[in-house]
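Numbering (this note's numbering), first residue to last: 4 to 526.
Quick reminder that beta carbons are idealized off the backbone N, C-alpha and C, glycines included.
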Amino acid sequence: MEETGRERKAAGPPPWAPTKSTVFRSYAAAVVGDRAEAPSARGNGVAARSSNLRAVRKRPIVARLTRDIVQTFEKCNPEFNYVDSLNPKHFLTTPAVPVHNDGLDNANSDLILYVNLELVNKKSDRRYIVEEMLGQGTFGQVAKCWDAETNSYVAVKVIKNQPAFYQQAIMEVSLLSMLNDKFDPDDQHHIVRMLDFFPWKNHLCITFEMLGHNLYELLKKNNLRGLQLQFVRTFSRQILDALIVMKGAGIIHCDLKPENILITPKVNSAAGVKVIDFGSACMEGKTIYSYIQSRYYRSPEVLLGYPYTTAIDMWSFGCIVAELYIGLPLFPGASEYDVLSRMIEMVGGQPPDDLLREAKNTRKFFKHAGSIYPGNEAHDGLRSSYRILTEDEVEARDSKKPKIGKWYFPRGRLDRLIFSYPWKNLNEGNLPEAEKEDCLALVDFLRGLVEFDPNKRWSPLQASYHPFITGEAFTGPYEPFRETPVIPVGRAATVDHNPGGGHWLAAGLSPQVVSMFSHASIQ
Ligand SMILES: Nc1ncnc2c1ncn2[C@@H]1O[C@H](COP(=O)(O)OP(=O)(O)OP(=O)(O)O)[C@@H](O)[C@H]1O
Numbered sequence: 004m005e006e007t008g009r010e011r012k013a014a015g016p017p018p019w020a021p022t023k024s025t026v027f028r029s030y031a032a033a034v035v036g037d038r039a040e041a042p043s044a045r046g047n048g049v050a051a052r053s054s055n056l057r058a059v060r061k062r063p064i065v066a067r068l069t070r071d072i073v074q075t076f077e078k079c080n081p082e083f084n085y086v087d088s089l090n091p092k093h094f095l096t097t098p099a100v101p102v103h104n105d106g107l108d109n110a111n112s113d114l115i116l117y118v119n120l121e122l123v124n125k126k127s128d129r130r131y132i133v134e135e136m137l138g139q140g141t142f143g144q145v146a147k148c149w150d151a152e153t154n155s156y157v158a159v160k161v162i163k164n165q166p167a168f169y170q171q172a173i174m175e176v177s178l179l180s181m182l183n184d185k186f187d188p189d190d191q192h193h194i195v196r197m198l199d200f201f202p203w204k205n206h207l208c209i210t211f212e213m214l215g216h217n218l219y220e221l222l223k224k225n226n227l228r229g230l231q232l233q234f235v236r237t238f239s240r241q242i243l244d245a246l247i248v249m250k251g252a253g254i255i256h257c258d259l260k261p262e263n264i265l266i267t268p269k270v271n272s273a274a275g276v277k278v279i280d281f282g283s284a285c286m287e288g289k290t291i292y293s294y295i296q297s298r299y300y301r302s303p304e305v306l307l308g309y310p311y312t313t314a315i316d317m318w319s320f321g322c323i324v325a326e327l328y329i330g331l332p333l334f335p336g337a338s339e340y341d342v343l344s345r346m347i348e349m350v351g352g353q354p355p356d357d358l359l360r361e362a363k364n365t366r367k368f369f370k371h372a373g374s375i376y377p378g379n380e381a382h383d384g385l386r387s388s389y390r391i392l393t394e395d396e397v398e399a400r401d402s403k404k405p406k407i408g409k410w411y412f413p414r415g416r417l418d419r420l421i422f423s424y425p426w427k428n429l430n431e432g433n434l435p436e437a438e439k440e441d442c443l444a445l446v447d448f449l450r451g452l453v454e455f456d457p458n459k460r461w462s463p464l465q466a467s468y469h470p471f472i473t474g475e476a477f478t479g480p481y482e483p484f485r486e487t488p489v490i491p492v493g494r495a496a497t498v499d500h501n502p503g504g505g506h507w508l509a510a511g512l513s514p515q516v517v518s519m520f521s522h523a524s525i526q
């Protein structure tokens, strides 16, 4: 299937691309009889590969052969002259041309990473040996590294050497350490674990537990055909669990999307996911930026420039749930105008008038008709004095056509889209009874998430009791309980609703992190 035209940042080599060392390990695994554990050509094979490496390291014959390899070559050929500095480096960063920071950084202020480069936490002398690139993003690079202390793989995010990225990364460290230590000390709520952080050559490095593919990669592997409903449910339940904890902590993720949800190594063959990338996150009530969230997952209030809360993550979550089921982004707009038009067409309705009245960007997208706009009276029974501009009106105002993307599925309402998936026949009556009930539950679930009014949109805790998530029979439209102050029995034990938690960082960064960095001399 054709790609969706999703604008993505330079991704670097895919995680399954073999590096010299993985080739060596596959070969070594075959030599030592570990064929069953060797990674497949396309699969991540993280667990298999790490166990192969351990196996290779433990086996004396393999260790001896490689340890004295230079001496062995010298014995075989007296002319052989090995000079370490001439050893060609296998660069992972692109571009790898030295420009800044005494030749250590490229033109984009990224540390030039290469295989076997050591990143060292000087305080603890903990060393991380770079092995392959996992992703290159806005804030820097994420490399798969070997942690020599624990003999395991970790993912190290090496932040760009620029003050703005550095400051934001300190915020990521601060928020994530609070989430990990205070709100999820037992690692039960599907939030990535931060293991270490340290300055290295003017770059802040953050070490995370090593996870697997992200959900977008998973969908691509499945030819963008969507996942079975049982996986959509399992993943949704786990993401919601993370969102409940984040809301309890007063943290807005601000960049929830399939790329930021990673598959965890299987425990007892159960599929699992974790939320990563708190690099854009902020505290509720302390929102600074207005240009946040990735466009396809951007909430109406952010598009419109209205004050935002944790409810924006629930909008993104709704987009993700639908995408997991249909395999394609729900609102793949080529511009903000396109995204908003698709929302209005697919969800039905539009943001409430009081939001439109107060939002900063309303005039970019809407026309105020003075009184109730007659054409809007039939709009799902909604009466509004605003209507979205037509493409011609936008063109007349901006002197250029708004960018409009392709439609990758039949145009129409969300409920019809879900029912008719995979769009072979558009008749919901053909669905088997059990599937029809699942689809009804999914449509009802999405209704509460892609809700234009942030005050009516369900909170993560409310959504977690929907029959689509609990697996109970769906008997009709779900009415969420009033959230405050009641926490339903049974959840109270697992959800840490520390009412003061949201304000713990109200003054900015956590004291722990502030003290780490105010004394740290960046080397
Ligand atoms: N713990 C991890 N385990 C495995 N891979 C990871 C891990 N953390 C990040 N990655 C990979 O690196 C990519 C980029 O990570 P991350 O989103 O944290 O960086 P970023 O610079 O904020 O990227 P972006 O600009 O795309 O948001 C992820 O999509 C994922 O593929």
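Own chain residues within Cβ distance below 7 angstroms of residue i, not counting five before or after
i, result
"A245", "H192, H193, I194 and V278"
"V397", "Y340 and P405"
"I132", "N119, E121, C148, W149 and A151"
"L243", "P463, A466, S467 and I472"
Residues of its chain near residue i, where Cβ-Cβ distance is below 8 angstroms and the 5 sequence neighbours each way are ignored
i, result
"Y299", "R9, K260, C322, P332, L333, F334, P335, G336 and V342"
"R414", "E348"
"V102", "D108, N109 and A110"
Chain-order list of residues whose beta-carbon lies under 6 angstroms from that of residue i (same chain, five-residue window excluded)
i, result
"S314", "At residue 314 the sequence reads Ala, which differs from the Ser that was named. For A314, where only same-chain residues beyond five positions count, the Cβ hits under 6 angstroms are P457 and R460."
"K92", "Y117"
"Y389", "L359, F369 and H371"
"L222", "G330"
"E438", "none"
"V145", "L137, G138, A158 and K160"
"P355", "D456"
"P483", "W461 and Q465"
"V123", "R130"
"W318", "S302"
Rounded straight-line distance, which links the Cα of residue j to that of residue i
i, j, result
"V73", "G215", "35 angstroms"
"F238", "L327", "9 angstroms"
"A523", "C208", "Only weak support is given to the placement of A523: the predicted model assigns it a pLDDT of 35, under 50, and the question is left unresolved by the model."
"F320", "A284", "15 angstroms"
"G408", "I472", "32 angstroms"
"A274", "V100", "41 angstroms"
"F94", "R236", "40 angstroms"
"N154", "R129", "11 angstroms"
"L452", "L445", "11 angstroms"
"E454", "S302", "10 angstroms"
"N3", "K224", "Residue coverage of the chain in this structure runs from 4 to 526, which leaves residue 3 outside it and unanswerable."
"Q139", "Y219", "15 angstroms"
"A325", "L449", "7 angstroms"
"E212", "S177", "17 angstroms"
"A167", "P470", "43 angstroms"
"E77", "V159", "36 angstroms"
"L420", "D199", "44 angstroms"
"L479", "F422", "Just to set this straight, residue 479 is Gly in the shown sequence, not Leu. Cα to Cα, G479 sits roughly 16 angstroms from F422."
"M249", "A466", "14 angstroms"
"G493", "D189", "With a pLDDT of only 37 at G493, under the threshold of 50, the placement of this residue in the model should not be trusted, and no figure is reported."
"P98", "E134", "18 angstroms"
"N263", "R400", "36 angstroms"
"D258", "F477", "31 angstroms"
"P310", "M197", "30 angstroms"
"F234", "I173", "34 angstroms"
"L392", "I295", "23 angstroms"
"D280", "D113", "18 angstroms"
Those residues which DSSP pairs with residue i across a bridge
i, result
"I329", "Answer by DSSP bridge pairing: none, since I329 is not bridged."
"I255", "C285"
"D199", "T210"
"A146", "M136 and V159"
"I173", "I173 is not bridged to any residue."
"V123", "R130"
"K370", "R390"
"Y117", "F94"
"I194", "V278"
"D108", "H103 and L114"
Proximity test, residue i beta-carbon vs ligand 2 heavy atom, cut-off 8 angstroms
i, result
"G275", "With respect to ligand 2, the structure offers nothing, as its ligand set consists of ligand 1."
Below-9 angstroms beta-carbon distance, residue i vs any chain D residue
i, result
"F168", "No chain D is part of this structure, which consists of one protein chain only."
Notebook entry, point to check: What runs of the beta strand (DSSP E), each 3 residues or longer, lie entirely inside the stretch 263 to 303?
Noted result: 264 to 266 and 276 to 278
Notebook entry, point to check: At which residue ranges does the stretch 208 to 247 contain complete alpha helix (DSSP H) runs of 4 or more residues, listed in the order of the chain?
Noted result: 218 to 224
Item checked: Sequence ranges, alpha helix (DSSP H) only - wholly within the stretch 333 to 360, length at least 4 -> 339 to 350
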